[in-house]
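Everything on this sheet refers to the single structure shown next.
Number of protein chains: 2
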Amino acid sequence: MKVVALSGGVGGARLVEGLAAVVRPEDLTVIVNTGDDFVHWGLTVCPDLDTVMYTIAGLAHPEQGWGLAGETFHAYGMVERYGGEAWFRLGDRDLATHLVRTQALLAGRSLTEITADLCRALGVAPRILPMCDAPRPTRIDTPEGTLSFQNWLVRRRGQVAVERIWSAGSTAPAPGVLDAIHAADVVVIGPSNPYVSIDPILGLDGVRAALAERRVVAVSPIVAGKAVKGPLAEMIPQLAGRPPSAAAIADHYGRLLRGFVLERGDDAPEGVPVLHTGTVIAARADRERLAREVLAFADGRR
Amino acid sequence: MKVVALSGGVGGARLVEGLAAVVRPEDLTVIVNTGDDFVHWGLTVCPDLDTVMYTIAGLAHPEQGWGLAGETFHAYGMVERYGGEAWFRLGDRDLATHLVRTQALLAGRSLTEITADLCRALGVAPRILPMCDAPRPTRIDTPEGTLSFQNWLVRRRGQVAVERIWSAGSTAPAPGVLDAIHAADVVVIGPSNPYVSIDPILGLDGVRAALAERRVVAVSPIVAGKAVKGPLAEMIPQLAGRPPSAAAIADHYGRLLRGFVLERGDDAPEGVPVLHTGTVIAARADRERLAREVLAFADGRR
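Chain order of the listed sequences is A and B. Taken in order, the first sequence gives residues 0 to 301; the numbers are from numbering that gives the first Met the number 0. Taken in order, the second sequence gives residues 0 to 301; the numbers are from numbering that gives the first Met the number 0.
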């Protein structure tokens, strides 16, 4: 079974780790949001790509959901001492990823090629594709003006009201993205933030049309009315005008879905087949178990 | 007494630390070689400027003569894992210096301004000037062709024969360099490699003419026929056609010198007043002692 997963950072990366354990590497393609990418300390940082890569490589920090296990912050401490930009921390080993990537971009290699190189070096076997090779930054309109995603989330700690979320820049999907979707038996939308992690992928040229012909299932990032991680629970009332719930996620994706996976006890949305199961996958074993259940469920939705 | 010091890396930096202990900060200007500067991992690295800055700040590694005390190499290890350029190691905290500098250069600040900012942040009070704001890379002609300095020294471990050493790029001294020399009561040429650390400074427009009117004294980097650090002892036979000695250094500078400081027991050069003293200054107390002796000697050479 050929599987495509659409993913943002933490939640999506954890499900992808489970998928990587149960799908043959040559049958798994992960299309990753690049809307959060930004330039920091002069380096191109791709938070979601790196979280997915580090997670599959077994290098991710087990709890915090970003960065590397056992990471140090010596360069950061010195940047702070110099009075440099200290609002976003980059770890020492993580820095190497951004240094190597930035140099390769300046040398003319594409983000798709670079991501493949980095993954190969870390022993990541499934294909990880950035959604775009060109910048496609997420913009957040607020009462204080339009902010970049990292400015809104990290510098302003997600405390500024969200009026609208949109994407700037290129609308061309990266090479391989549409082909992977066309070839997929199943497309899994990970338990990521639909507004800032999945919508940027869905908004690229041809992606929605390609997905319309596939068995697409989504896993809810909302459990018992709360987001497992990040600002999603606060965004839903502002953007959808309703309380946060798994059903609000399913309704957001609408007719795109052939199935929806949500936590036991959460209210099911209308109009789409559901699978109730345990969707909290902080533990490794749960990631693999959920991946198996999601694929079996999707396989029955043909 | 207004003092200007010309310096390369390790040896020069140690004497400069001594000078900084005995000269008022507003009376001390250090003009530092930038011929070794290069771009590594996409970052502008200035080895001699940083060695001088870290040494005065008390942050330098006490023995190895480059880098920071207690430095870690986590980013480097990860770059190596990615198959990146691993022939030159940059430490984690040292990386911050290059990141901040590279960003500031891209933002349009000059190397002189950036160096002043970095020094201020580290509490370095004397004025540290790069010899040039524009690149002035040292080139080494060898039987295998022309190599950049770091390629010759680090990548090739200084094992390739040296036929000629020259400087490419701009010949304009950085702002403040000529004024500092004109205002100096004493100019001290540190115990640095004359070919690759001092000659690049001397070759800049107007520097030799300005020095001709000053009391210039040099401290020998050769002690008992050996270089305290680096490839100097092997360079002298190749470039001057004689065995390495303190006298060979004095003869290299020739009529520029009003005085020459060398190790007790080393043969004095002809035609220049000398001070025999202890010139090995690995210990802090010796740096200050030598600085006092050099200034008193120079003051008597009026």
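The beta carbon of each residue, even a glycine, is placed where N, CA and C say it ideally should be. Values in this document were obtained by computation on a predicted structure and should not be read as measured data.
Compare the beta carbon distance of residue 261 (chain A) and residue 275 (chain A) with 8 Å and say whether it is the shorter of the two.
The answer is yes: Cβ separation under 8 Å.
Which same chain residues, not among the five before or five after residue 132 (chain A), have their C-beta less than 7 Å away from its C-beta?
Counting only residues of its own chain and dropping the five nearest sequence neighbours on each side, residue 132 (chain A) has a CB closer than 7 Å to the CB of 109, 110, 111, 173.
Is the beta carbon of residue 5 (chain B) sitting closer than 8 Å to the one on residue 101 (chain B)?
Taking 8 Å as the cut-off, the Cβ atoms of residue 5 (chain B) and residue 101 (chain B) do not count as close.
Following the continuous beta strand (DSSP E) through residue 129 (chain B), name the residue where it begins and the one where it ends.
It spans 126 to 129 - the beta strand (DSSP E) in which residue 129 (chain B) sits, taken as one unbroken run.
Tell me the DSSP secondary structure of residue 39 (chain A) in three-state form.
Shown here, residue 39 (chain A) sits in a strand according to DSSP, grouped into three states.
Answer yes if the region 0 to 15 of chain B comes into contact with the region 54 to 69 of chain B, meaning at least three C-beta pairs across the two stretches below 8 Å, and no otherwise.
Three or more beta-carbon pairs separated by less than 8 Å link the region 54 to 69 of chain B to the region 0 to 15 of chain B, which places the two stretches in contact.
Close Cβ partners of residue 204 (chain B) (< 7 Å) along its chain, the five nearest in sequence each way excluded:
Here residue 204 (chain B) has 170, 171, 172 as same chain residues with Cβ atoms under 7 Å from its own Cβ, once five neighbours each way along the sequence are excluded.
Determine which residues of the region 95 to 122 of chain A have a Cβ less than 8 Å from any Cβ of chain B, and write them out in chain order.
Cβ contacts with chain B: 95, 96, 98, 99, 101, 102, 105, 116, 117, 120, 121.
Under 8 Å between C-beta atoms of residue 297 (chain A) and residue 187 (chain A)
For the 8 Å CB-CB criterion, residue 297 (chain A) and residue 187 (chain A) form a contact.
Taking the alpha helix (DSSP H) that residue 259 (chain A) belongs to, which residues open and close that run?
No alpha helix (DSSP H) contains residue 259 (chain A), which is instead part of the beta strand (DSSP E) from 258 to 262.
Which residues does DSSP pair with residue 123 (chain B) in a beta bridge?
According to DSSP, residue 123 (chain B) bridges with nothing at all.
Test item: CB-CB of residue 20 (chain B) and residue 269 (chain B) under 8 Å
Their beta carbons are not under 8 Å apart, which means residue 20 (chain B) does not touch residue 269 (chain B) by this criterion.
Compute the beta-carbon to beta-carbon distance between residue 97 (chain B) and residue 89 (chain B), rounded to the nearest angstrom, for a pair I have assumed lies under 8 Å.
Cβ atoms of residue 97 (chain B) and residue 89 (chain B) come within 8 Å of each other, at about 7 Å.
Quick one: what does DSSP say residue 164 (chain A) is sitting in, helix, strand or coil?
Of the three classes helix, strand and coil, the one that applies to residue 164 (chain A) here is strand, per DSSP.
Residue 76 (chain B) to residue 92 (chain A), Cα distance in whole Å?
CA-CA distance, residue 76 (chain B) to residue 92 (chain A), rounds to 8 Å.
Go to residue 141 (chain A), then tell me how far its alpha helix (DSSP H) extends in each direction, as first and last residue.
Run containing residue 141 (chain A): none in the alpha helix (DSSP H); it sits in the beta strand (DSSP E), 137 to 141.
Residue 129 (chain B) and residue 50 (chain B) - do their beta-carbons sit closer together than 8 Å?
The Cβ atoms of residue 50 (chain B) and residue 129 (chain B) do not sit closer than 8 Å to each other.
Residues within the region 23 to 41 of chain A neighbouring chain B, beta-carbon criterion of under 8 Å
Correct list: 40, 41.
State whether the region 54 to 62 of chain A contacts the region 224 to 232 of chain A, with contact taken as three or more CB pairs (one from each stretch) at a distance under 8 Å.
Cβ pair count under 8 Å is below three, so no.
Quick one: list the residues of chain A neighbouring residue 73 (chain B), beta-carbon separation under 7 Å, in chain order.
The answer, in chain order, is 71, 91, 92.
Are residue 31 (chain B) and residue 113 (chain B) close, meaning C-beta to C-beta below 8 Å?
The answer is no: Cβ separation not under 8 Å.
Quick check: residue 74 (chain A) and residue 85 (chain B), are their CB atoms within less than 8 Å of each other?
Contact flag unset, no.
CA-CA distance, residue 252 (chain A) and residue 164 (chain A)?
Cα atoms of residue 252 (chain A) and residue 164 (chain A): separation of roughly 16 Å, rounded to the nearest angstrom.
Integer Cβ distance of residue 256 (chain A) from residue 249 (chain A), believed to fall under 8 Å
The C-beta distance from residue 256 (chain A) to residue 249 (chain A) rounds to 6 Å, short enough to fall under 8 Å.
Residue 270 (chain B) versus chain A: which residues are under 9 Å apart at the beta carbon?
What residue 270 (chain B) touches in chain A: nothing, since even the nearest Cβ is about 47 Å away.
Counted within 10 angstroms of its Cβ, other Cβ atoms place residue 178 (chain B) as buried (16 or more) or exposed:
So residue 178 (chain B) counts as exposed.
For residue 183 (chain A) and residue 55 (chain A), I'd like the C-alpha separation in whole angstroms.
Just so you know, the alpha carbons of residue 183 (chain A) and residue 55 (chain A) end up roughly 20 Å apart.
Taking the Cβ atom as the reference point for each residue, do residue 303 (chain B) and residue 157 (chain A) lie within a distance shorter than 8 Å?
No answer is possible for residue 303 (chain B): it lies beyond the span of chain B, which begins at 0 and ends at 301.
Top-ranked residue by Cα proximity to residue 283 (chain A), from A:166, A:2, A:3, A:15
When each option's Cα is compared against that of residue 283 (chain A), the closest is A:15.
Counting only beta-carbon atoms, is residue 81 (chain B) nearer than 8 Å to chain A?
Chain A, which has a Cβ nearer than 8 Å to the Cβ of residue 81 (chain B), makes this yes.
Shortest alpha-carbon distance to residue 277 (chain B) belongs to which of B:142, B:219, B:175?
Cα-wise, what sits closest to residue 277 (chain B) is B:219.
What is the DSSP secondary structure of residue 59 (chain A), reduced to helix, strand or coil?
Residue 59 (chain A) falls in the strand class under three-state DSSP.
Contacts of residue 78 (chain A) in chain B (Cβ-Cβ under 8 Å):
Within chain B, the residues 95, 98, 99 have their CB atoms less than 8 Å from the CB of residue 78 (chain A), given in chain order.
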